[in-house]
């Protein structure tokens with residue numbers, strides 16, 4: 006708690022430090038055992054945040070405690086609900102991390118992701134006491150008209166709160182349902198009739214966290230006509246089957262969907278017919294894909310730790326508007342199809358930690374709009390196709406930890422827009438030669454190999 010307050014005060018004036026010290030002293034002298042006062046202590050560290058940042062900080066209370074959460078999920082809330090530009094949202098996130106209000110991934114790859122704002126690679130956990138603070142402040146609102154409503158399944162209180170909200174139209178902007186408490190009595194799957202008859206006509210964000218091998222999406226999901234972001238996360242040890250996915254068919258305003266540790270909820274065509282308007286689809290620890298060609302408006306597609314993935318989903322390269330594709334930690338994936346180059350609008354391509362990938366297709370040269378390419382930790386790659394020299398707009402190339410890649414094709418000298426290459430020492434010498442030949446503005450950053458299993462620590 007002290008570290009949170011101290012970090013948040015970094016760079017503030019002597020007068021601000023004096024004021025904060027007086028607040029702490031007054032609150033501690035009354036009763037160190039008073040939990041409410043201890044919760045209020047970190048309020049000192051948010052006194053210096055503007056109104057928008059304070060709202061963003063309170064959003065941390067929407068997520069379960071003691072779990073790593075993908076930064077992308079938090080940023081989507083800030084973008085779609087707080088109406089922030091993504092770079093401004095990331096700036097607020099970085100400020101929270103600097104002030105110790107949340108903890109970002111702390112390893113070499115995480116540092117690089119922070120620097121380059123690669124949100125799908127980043128995870129955060131909540132700093133000590135900050136979730137309690139967020140929940141404490143949230144309770145200032147009337148339960149029937151809150152901006153954020155968190156329903157947690159803690160013994161009978163979960164169903165009790167559902168019953169309290171029965172037959173009501175709740176005007177909450179963000180709803181978080183957490184049934185992932187680590188208790189044997191709470192791992193039973195929810196039945197459809199346990200949700201009661203609640204409606205949420207104003208809800209723009211729905212977060213669901215559960216622990217069971219089977220789960221039924223709440224039927225009131227179909228009442229969320231304004232829903233923009235949906236996250237369904239299974240916190241259990243095994244992937245879960247989700248039923249009731251058809252309730253999503255009427256969500257025409259939905260822009261971003263995130264699924265974690267699930268078994269093919271989108272495996273059947275009828276499950277995704279109502280999702281043609283989504284712009285972003287993220288799947289982590291996911292198994293089983295249908296035909297993705299229906300997502301004609303998709304701009305960003307993220308796959309991470311899909312351990313059973315041997316072939317990319319059908320239709321993935323028939324998305325005319327896609328700008329960002331991220332495929333990471335899918336170790337059974339050995340080959341990319343020849344029609345890979347059909348994504349002519351693609352600007353960012355991340356193929357990171359695909360240890361089974363043997364080669365890049367020659368059609369990669371057709372990605373004429375590509376600005377960012379990441380093939381880091383693709384240990385199976387031995388050569389790069391000569392067609393890579395056709396990426397005339399490529400500005401940044403991350404190829405660290407590609408230990409088997411010994412030589413660059415001579416065509417890399419044609420990458421006239423390239424500004425930064427991140428690589429290991431051996432391949433770095435070749436990039437320096439290319440810089441001297443034809444890429445004078447190129448900066449070559451040499452990094453040491455780094456291997457981590459931090460993602461396993463949830």
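Numbering (our numbering), first residue to last: 6 to 463.
Don't be surprised by glycine CBs; every beta carbon is placed ideally from N, CA and C.
Task: Within 8 Å, strictly: CB atoms of residue 245 and residue 217 - done: Against a cut-off of 8 Å, the Cβ pair of residue 217 and residue 245 comes out as a contact.
- [ ] May I have the straight-line CA-CA distance separating residue 42 from residue 61, to the nearest angstrom?
- [x] With a pLDDT of 47 at residue 42, under the threshold of 50, the modelled position of this residue cannot be trusted, and the question is left open.
Task: Buried or exposed (CB count within 10 angstroms, at least 16 for buried), residue 355 - done: The residue is buried, with at least 16 neighbouring Cβ atoms inside 10 Å.
- [ ] For residue 182, write down the residues that DSSP places opposite it in a beta bridge.
- [x] 156, 213.
Open item on the list: I need the DSSP call for residue 383, collapsed to helix, strand or coil.
Closed with: If DSSP states are grouped into helix, strand and coil, residue 383 belongs with coil.
Task: residue 202 in three-state terms, based on DSSP - done: In the three-state scheme derived from DSSP, where H, G and I count as helix and E and B as strand, residue 202 is classed as coil.
- [ ] In the DSSP assignment, find the unbroken beta strand (DSSP E) run with residue 219 in it and report its ends.
- [x] Run containing residue 219: 219 to 221, per the beta strand (DSSP E) assignment.
Task: Coarse secondary structure for residue 429, derived from DSSP in three states - done: In the structure shown, residue 429 sits in coil (DSSP, three-state: anything other than H, G, I, E or B).
TODO: Just the C-alpha distance for residue 448 and residue 424, rounded to the nearest angstrom, thanks.
DONE: Whole-angstrom Cα-Cα distance: 6 Å.
Task: Cβ-based neighbour list, residue 83, same chain, cut-off 6 Å, excluding 5 preceding and 5 following - done: So the qualifying residues of the chain are 61, 89, 94.
- [ ] Can you give me the start and stop residues for the alpha helix (DSSP H) that residue 99 sits inside?
- [x] Unbroken alpha helix (DSSP H) run through residue 99: 91 to 103.
Task: Which listed residue (129, 421, 378, 68) has its alpha carbon closest to that of residue 157 - done: If we check each option's Cα against that of residue 157, 68 comes out closest.
Task: Cβ neighbour criterion (16 or more within 10 Å) applied to residue 160 - done: Confidence is the limiting factor: at residue 160 the pLDDT is only 41, short of 50, which leaves the residue's position unreliable and the question unanswerable from this model.
Task: CA-to-CA distance, residue 381 to residue 407, given in whole angstroms - done: Rounded to the nearest angstrom, the two C-alpha atoms are 6 Å apart.
Open item on the list: Measuring CB atoms only, is the stretch 322 to 334 touching the stretch 350 to 365, in the sense that at least three cross pairs come out at less than 8 Å?
Closed with: Taking 8 Å as the limit for Cβ pairs, the verdict is that the stretch 350 to 365 does touch the stretch 322 to 334.
Open item on the list: Just to confirm my understanding: we take residue 29, look at its own chain, exclude 5 residues before and 5 after, and list those with CB closer than 6 Å. What are they?
Closed with: Because the pLDDT at residue 29 is just 47, under 50, the model does not fix this residue reliably, and the point stays unresolved.
TODO: Buried or exposed for residue 177, please, with buried defined as at least 16 other CB atoms from any protein chain shown within 10 angstroms of its CB.
DONE: Under this definition residue 177 is a buried residue.
Open item on the list: Between residue 427 and residue 452, how many whole angstroms is the CB-CB distance? I'm expecting something under 8 Å.
Closed with: Going by Cβ atoms, the distance from residue 427 to residue 452 rounds to 6 Å, so yes, they are a contact pair.
Open item on the list: Quick check on DSSP: helix, strand or coil for residue 225?
Closed with: Assigned with DSSP and collapsed to three states, residue 225 falls in helix.
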